[in-house]
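Asks: Each residue of the sequence shown is one higher than the one before, counting from 2 in the numbering used here.
For reference, the structure I am asking about is given below.
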Amino acid sequence: LLHSLATAWGLTAKRRYSRTHPETTGIAISLGLSAIHPLIDKLDSMSAMQSARAGQRSPTPTAIDDKDSYLCEVMDESAGGSRLKWRNINKGKIRVGELIALRQTHAPEEMPGIAAIRWLKNTSKHTVEFGIQLISPNAFPITVRLYNANDQESDHDYLKGLYIPEFKAIRQPASLVLP
Numbered sequence: 002l003l004h005s006l007a008t009a010w011g012l013t014a015k016r017r018y019s020r021t022h023p024e025t026t027g028i029a030i031s032l033g034l035s036a037i038h039p040l041i042d043k044l045d046s047m048s049a050m051q052s053a054r055a056g057q058r059s060p061t062p063t064a065i066d067d068k069d070s071y072l073c074e075v076m077d078e079s080a081g082g083s084r085l086k087w088r089n090i091n092k093g094k095i096r097v098g099e100l101i102a103l104r105q106t107h108a109p110e111e112m113p114g115i116a117a118i119r120w121l122k123n124t125s126k127h128t129v130e131f132g133i134q135l136i137s138p139n140a141f142p143i144t145v146r147l148y149n150a151n152d153q154e155s156d157h158d159y160l161k162g163l164y165i166p167e168f169k170a171i172r173q174p175a176s177l178v179l180p
């Protein structure tokens, strides 16, 4: 038993991808499905407006005012994920398993990538480092309706979620994320 525990606790998992230090260090994150869905929906709408106005010379919006985004520093990154640092964090905002959207601070109009928080580490009273695993470089907002046998429609029958397209690079099938 002691040998098994020593083996399990003593060995660290080997990384699939090597870590590198990023060229850009700032990234904006949005926490949770309730913040990610409206963010992607707004960006998708803005992209459609820009495509419709492509032949016109009128100004088009390039960024959104997002109160649910937080600035983090990228400590290192790999093809499968990153290590981020969040300063001035309020307790209770972040937890392992939480879904997050990632946007480069220099290109806030681009569609965000989707990731999951894999681990957390408090480095000081108001600073947290955390590891993320990239799930998809993009996602699409969806609304699904729950099946109701009585066929009576209500606002509670609809759920906002995400459609995650197939990610061939890591052989990940398409999926839905729902609350």
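C-beta atoms are modelled at their ideal positions from N, C-alpha and C, and glycine is treated no differently.
1. Would R104 be called buried (16 or more neighbouring beta carbons within 10 Å of its own) or exposed?
2. Rounding to the nearest angstrom, what Cα-Cα distance links S59 and M47 in this structure?
3. Beta-carbon within less than 8 Å of G82's beta-carbon, same chain only, minus the 5 sequence neighbours each way: which residues are those?
4. Report the rounded CA-to-CA distance for T26 versus N149, giving the unit in angstroms.
5. In three-state terms, what does DSSP make of M47?
6. State buried or exposed for L72, treating a residue as buried only when at least 16 other CB atoms are found within 10 Å of its CB.
7. Helix, strand or coil for I102, going by three-state DSSP, please let me know.
8. Provide the residue(s) that pair with V145 in DSSP beta bridges, ordered along the chain.
9. A36 by DSSP, collapsed to three states: which one?
10. Measure from the alpha carbon of E110 to the alpha carbon of each residue in V75, D42, R84, L177, then state which is nearest.
11. Is V75 buried or exposed, if buried means 16 or more other CB atoms sit within 10 Å of its CB?
12. Count the other CB atoms within 10 Å of the CB of E167; is the residue buried (16 or more) or exposed (fewer)?
13. Less than 9 Å separating the beta-carbons of S125 and Q173?
14. Are P113 and S31 close, meaning C-beta to C-beta below 9 Å?
15. Tell me, please, which residues DSSP counts as bridged to R84.
16. Which of the three DSSP states is assigned to K122 in this structure?
17. For G98, which residues from the same chain have a beta carbon less than 7 Å from its beta carbon, with the 5 sequence-adjacent residues on both sides left out?
18. Do I90 and V129 have their CB atoms nearer than 9 Å?
Replies: Reading off the structure:
1. buried
2. Any answer about S59 is weak, because its pLDDT of 38 lies below 50 and its placement is not dependable; what the coordinates show is given next. Each residue's Cα considered, the two are about 14 Å apart.
3. In the same chain as G82, and ignoring 5 residues on each side of it, the C-beta atoms closer than 8 Å to its own belong to A116, R119, G132, I133, Q134, L135, in chain order.
4. Distance between the alpha carbons of T26 and N149: 48 Å.
5. helix
6. exposed
7. Residue 102 is actually Ala in this sequence, not Ile. Reduced to three states, the DSSP call for A102 is strand.
8. L160
9. helix
10. D42
11. buried
12. exposed
13. no
14. Cβ atoms of P113 and S31: closer than 9 Å.
15. D77, G132
16. strand
17. A117, I118
18. yes
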